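Right, one structure below, let's go through it.
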Amino acid sequence: NKSQIYMLQMFKKLIYKHFFCLSIAVAVSILSLAPMPEIQMAQQVPLADKWAHMLMYGVLSMAFWFEHHHKHDKPLYARLILGGIILPILMGGVMELMQAHLTTCRNGDWLDFVANSIGVFITCGLGILYLLAKRWLKA
6 NKSQIYMLQM
16 FKKLIYKHFF
26 CLSIAVAVSI
36 LSLAPMPEIQ
46 MAQQVPLADK
56 WAHMLMYGVL
66 SMAFWFEHHH
76 KHDKPLYARL
86 ILGGIILPIL
96 MGGVMELMQA
106 HLTTCRNGDW
116 LDFVANSIGV
126 FITCGLGILY
136 LLAKRWLKA
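Here you go:
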């Protein structure tokens, strides 16, 4: 069937084009859904869990910004907003819902979702500063 072949080709192209970012997304998904052992040192750091969430989703967003920068001479803002902001935030929400409803070893927490989003927005801010600096240096 031609439509199935086309879909398979598009899927392969997506994986090839965004392999690094998709690898980070898979790693974040595994870390979000797998049972986690208690870490003594983490209990001594205030809000260690929230810092970990900000870091994971910040890295996920940064991976997309990085890939986008290396594949395009000029930023495509709609793609940056979708891949660098909206999709990581949606993924964070879906992971929290999956933790709450599909696992017995993890709990969904809306404050984790907020921390995920903060990580994405910090990365977005850094990405915007990078784009502005790049434009300023070319001028």
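Here the sequence shown is numbered in our numbering, starting from 6 and rising by one per residue.
Glycine is no exception: its CB is placed at the ideal position from the N, C-alpha and C atoms.
A quick note: this is a predicted structure, and the numbers were derived from the prediction, not measured.
For chain C, check one thing: does any of its Cβ atoms lie closer than 9 angstroms to the Cβ of residue i?
i: PRO51; result: The structure shown contains no chain C; it holds only a single protein chain.
Would you tell me roughly how many angstroms separate the C-alpha atoms of residue i and residue j, rounded to the nearest one?
i: THR128; j: TRP115; result: 20 angstroms
i: SER66; j: GLY98; result: 14 angstroms
i: GLY131; j: LEU13; result: Correcting the residue identity first, residue 131 is Leu in this sequence and not Gly. If I take the Cα positions, the gap works out to 35 angstroms.
i: LEU81; j: TRP70; result: 11 angstroms
i: ILE123; j: ASN6; result: 44 angstroms
Taking the alpha-carbon of residue i as reference, which of the options has the nearest alpha-carbon?
i: GLU43; options: PHE71, VAL125, ARG111 and ALA120; result: ARG111
i: MET103; options: ALA39, MET12, ALA83 and TYR11; result: ALA39
i: TRP56; options: VAL125, ASP78 and HIS77; result: VAL125
i: LEU136; options: LYS18, HIS73 and LEU87; result: HIS73
Assuming residue i contacts residue j under a Cβ cut-off of 8 angstroms, what Cβ separation, rounded to an integer in Å, is found between them?
i: PHE25; j: ALA68; result: 6 angstroms
i: MET59; j: ALA120; result: 5 angstroms
At what residue ranges does the region 17 to 47 contain a whole run of the alpha helix (DSSP H), taking only runs of 4 or more?
Listed in chain order, the complete alpha helix (DSSP H) runs (minimum 4 residues) inside the region 17 to 47 are 24 to 38.
Return the chain-ordered ranges of every alpha helix (DSSP H) run that is complete within the region 78 to 139 and spans a minimum of 4 residues.
Within the region 78 to 139, the complete alpha helix (DSSP H) segments of 4 residues or longer fall at 82 to 86 and 92 to 107, listed in chain order.
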